[in-house]
Amino acid sequence: MAQAQTRNKVGELRPSQILFSAGIGSVIDLPNLSTMVMGLDDWDITHATELGEERLLAAVKRSLSHSVKRLLSPPLPPESDSVPNLLDESQRVGIPVSPFPTWMLCPNCRLLAPLQSGLFDLKTDRFRPDQNRYIHTNCPRGKFPPTVIPARFLVACKHGHLDDFPWRYFVHRGGDCGSGTLRLNEYGVSGSAADIEVKCDGCGANRRMSDAFGEPGKKFMPQCRGRHVHLRNFDEGGCDQQMVGILLGASNSWFPITLSALSIPTAVDKLAQLVEKHWTVLEKAFSLEVLAAFRLIGQLKEFAKYSDAELWAQVQQKRSAPSDDGDDEAKDIKTPEWQVFSNADTSLNSADFWLTPVAPPKGYESYFNKVVLVERLREVRALVGFTRIESPGDFVETGEIPEDYWAPLSRQEPKWVPATEVRGEGLFIQFSEQAIAQWEALPQLKEYKKQSVEAHQRWRTARSLDPNANYPGVRYILLHSFAHALMRQLAIECGYTAASLRERIYSKSPQDDNGPMAGILIYTAAPDSEGTLGGLVSLGEPATLGRHIDQALDQMRLCASDPLCAEHSPLQNPNVLHWAACHACLFSPETSCERGNKYLDRTLLIPTVKTELSSIAFFKDLM
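This note's numbering puts the first residue of the sequence shown at 688, with every later residue one more than the last.
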């Protein structure tokens, strides 16, 4: 990372962290400072690499802005075999950050003041920029000037705003004596807000920090100023929300909004596949001469066996093809993936995408139509925004997040968004449409469908969303529950942690556009250019997969929390949207589940202790 003013490298982040834990608008802890990752306006993208994925770019345009033209990886310094020289300007490449919060605390005298006050001095280390710090030079206590630390209280609101805690307003109860310095004292060893007091040396006013949280906070905290620290601005017209006190590093201070797409080939011809792969470069060649120049400087080494004329003809054909940026393509990003996986056409195999169809496990021929070993896959993920206080997981679809909650990445309409690519492997299982249709037609399932619709409507009504929109159906609940059960089982033997496995659910009824669909993809991916090691694909062979499905279903019969788990219903609480599922049986890590552990019910898989629902289990004949 690089500081905006001095361009000194002060820390390191993996590219994936910029999308999922330390992205734009988030606070990053350094050894002696806390910093805010700044918006796209401040980024230097000279060393960024463009990632080609047309379907994802179309989805980003639809969700964010049609002004977005590129997906760019975070800027990286040039690779070198020698030891990096921190004084070399080429090594000062990264993402810009700025100190935040700006209120600092002296651990010795407990002085609380902003950096702008001039009471603290910056102490830099030329050879160890990560050790840069602010010190209290005139501290009356201690032999040496102590390193000051960031104040651990902030304020935020549901509209994506974040700000320094209003210390003077808070301690003076809405006023300000205008002269005294502030002190932050701790009493006791618990560290709780009730044991922390802020006091003004000038007028003697004091207040416990517990007044900033919970019900007292709703009465005493001021209205939000509409501040976007990462953009260095305030929303026009301010904000109508009340400030909410949060702690520095709180998990609800930043939630990323991301979109992802799998890179799937659409051309059988090998030259056409290569053109698709390198289109981010080839689209800039508007003449045969420019194309030849690109080949001379080594950007297109994979085309060595093709002539300039052959390559130019394919580029022209690609350029004249209809654009895929239409709303239908962007809105339904999974349909093309389903078509490729369900067809399992091995003639489409390439360096980034390799499918091997195998037979369904013995005993499951009537449940599954097809099992496909996805030996190679590439996924591109893009950051399109973030929220605070309210998680995107509180909404069913990304497009349903209220516009007021969606914090922007830049002051102007973005021309690009940060993205990363990962490569890996997976297992695709296509369910038998006949078996699914017979199961959905069960008379015993009628009441369950009614209750699931009611639960869906109540959950959405509690969040002021259209109660009748985006109901996934019991088909989705079945597929989703099966994916979670199988992921938990595969993680035991595949060599990857449960958090590294991810799911994609393909579910549509025959009445839906491009339906029917009934399948799951369980995959894992890593940023390494070679992808993963094949541990997941190796478990897809019929005999091995059959054993794991047997064990996964058997484990779903009983849960350590039964009978409470088996008898749970979302109708009991509008804040949840799962049935017989909990952390002991079906829940998966946040990085694994595409729906935030909603729409899960192991009762739909196999009979449980709730015997009155045994007849609606999809795999009941196997038990």
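C-beta atoms are modelled at their ideal positions from N, C-alpha and C, and glycine is treated no differently. None of the values given here were measured: they were computed from a predicted structure.
Pull up the distance between the alpha-carbon of residue i and that of residue j, whole angstroms please.
i	j	result
Asp850	Leu841	6 Å
Thr1043	Arg1189	20 Å
Gly862	Pro786	27 Å
Ser750	Val1067	16 Å
Phe1073	Ala972	36 Å
Gly1302	Gln1131	Rather than Gly, the amino acid found at residue 1302 in this sequence is Ser. The straight-line gap from Cα to Cα measures roughly 7 Å.
Gly805	Leu869	14 Å
Trp1093	Cys844	12 Å
Ile1207	Gly1160	15 Å
Ala1124	Trp1146	27 Å
Ala735	Arg757	11 Å
Asp729	Val835	27 Å
Asn872	Cys887	11 Å
Thr1295	Asp1199	31 Å
Phe981	Phe990	11 Å
Asp1014	Ser950	The pLDDT assigned to Asp1014 is 48, lower than 50, so where the model puts this residue is not dependable, and the model offers no usable value.
Ser769	Phe1306	Residue placement at Ser769 is flagged as unreliable, the pLDDT there being 48, under the threshold of 50; a coordinate-derived value is accordingly withheld.
Gln692	Pro837	Bear in mind that the predicted position of Gln692 carries a pLDDT of just 46, short of 50, making it unreliable; the figure below should be weighed with that in mind. Roughly 20 Å between the two C-alpha positions.
Leu1166	His859	57 Å
Pro952	Asp1091	37 Å
Phe857	Gln803	19 Å
Gly867	Arg1065	59 Å
Val1027	Trp1041	11 Å
Gly875	Leu798	19 Å
Met688	Met723	Low local confidence applies: a pLDDT of 44 at Met688 is under 50, so the model's placement there is unreliable, and no value is given.
Gln1176	Trp1126	24 Å
Val977	Val747	30 Å
Comparing alpha-carbon positions, which option in the options lies nearest residue i?
i	options	result
Ile1236	Ile1293, Leu1152 and Phe852	Ile1293
Cys1252	Cys1269, Ala972, Leu918 and Ala1178	Cys1269
Leu998	Leu961, Ser1151 and Gln1238	Leu961
Ile705	Val931, Glu741, Gly925 and Trp941	Trp941
Gly1227	Leu1096, Leu1114 and Glu989	Leu1114
Met930	Thr945, Asn920, Lys905 and Ser947	Lys905
Pro827	Ile711, Asn795 and Met896	Asn795
Leu1287	Thr1298, Ala1267, Glu1281 and Lys988	Ala1267
Ser1225	Arg1006, Tyr1183, Trp1103 and Asn819	Tyr1183
Gln1259	Lys1307, Ser1139, Thr1278 and Arg914	Ser1139
Asp1308	Glu699, Ile822, Thr1231 and Ser1053	Ser1053
Asp1210	Glu1120, Arg701, Leu1223 and Ala1142	The residue you asked about is not Asp; residue 1210 is Tyr in the sequence shown. It is Leu1223.
Leu918	Pro1261, Gln1003, Val784 and Val1045	Val784
Met908	His915, Val916, Met896 and Arg914	Met896
Glu902	Gly932, Asn1284, Phe1028 and Val1045	Gly932
Ser1168	Leu1035, Lys1057, His1143 and Ala1304	Ala1304
Arg1110	Thr824, Ala948, Lys1285 and Gln1099	Ala948
Leu935	Thr1298, Glu1277 and Arg1075	Arg1075
Arg1284	His1265, Gly739 and Thr1298	The sequence as given places Asn at residue 1284; Arg does not occur at that position. Out of His1265, Gly739 and Thr1298, His1265 has the C-alpha closest to the C-alpha of Asn1284.
Ala800	Val968, Val724 and Val885	Val885
Ala745	Gln1242, Ser1256 and Val1071	Val1071
Under three-state DSSP, which class holds residue i?
i	result
Leu1309	helix
Ile1303	helix
Gln1259	helix
Leu1155	Residue identity check: residue 1155 is Asn in the sequence provided, not Leu. The answer is coil: DSSP assigns Asn1155 none of H, G, I, E or B.
Pro1044	strand
Lys1136	helix
Thr733	coil
Pro943	strand
Ser1037	strand
Val916	helix
Met896	helix
Thr1022	helix
Gln1001	helix
Gln928	coil
Gln818	helix
Phe1028	helix
Arg813	coil
Glu1120	helix
Glu1062	strand
Phe785	A quick correction: the sequence has Ser, not Phe, at residue 785. Here Ser785 sits in strand by DSSP.
Glu741	helix
*In the segment 830-879, which residue ranges form an unbroken alpha helix (DSSP H) of at least 4 residues, counting only runs that do not cross its ends?*
854-858
*Just list the beta strand (DSSP E) runs in the segment 1173-1255, keeping only unbroken ones of 3 residues or longer that don't cross its boundaries, in chain order.*
1188-1195 and 1204-1213
*At a cut of 8 Å, does the segment 1048-1061 reach the segment 1102-1120 through at least three beta carbon pairs?*
The answer is yes - the segment 1102-1120 touches the segment 1048-1061, with three or more Cβ pairs under 8 Å.
*Are the segment 1166-1177 and the segment 1264-1278 touching, with three or more C-beta to C-beta distances below 8 Å?*
They touch, by the three-pair rule.
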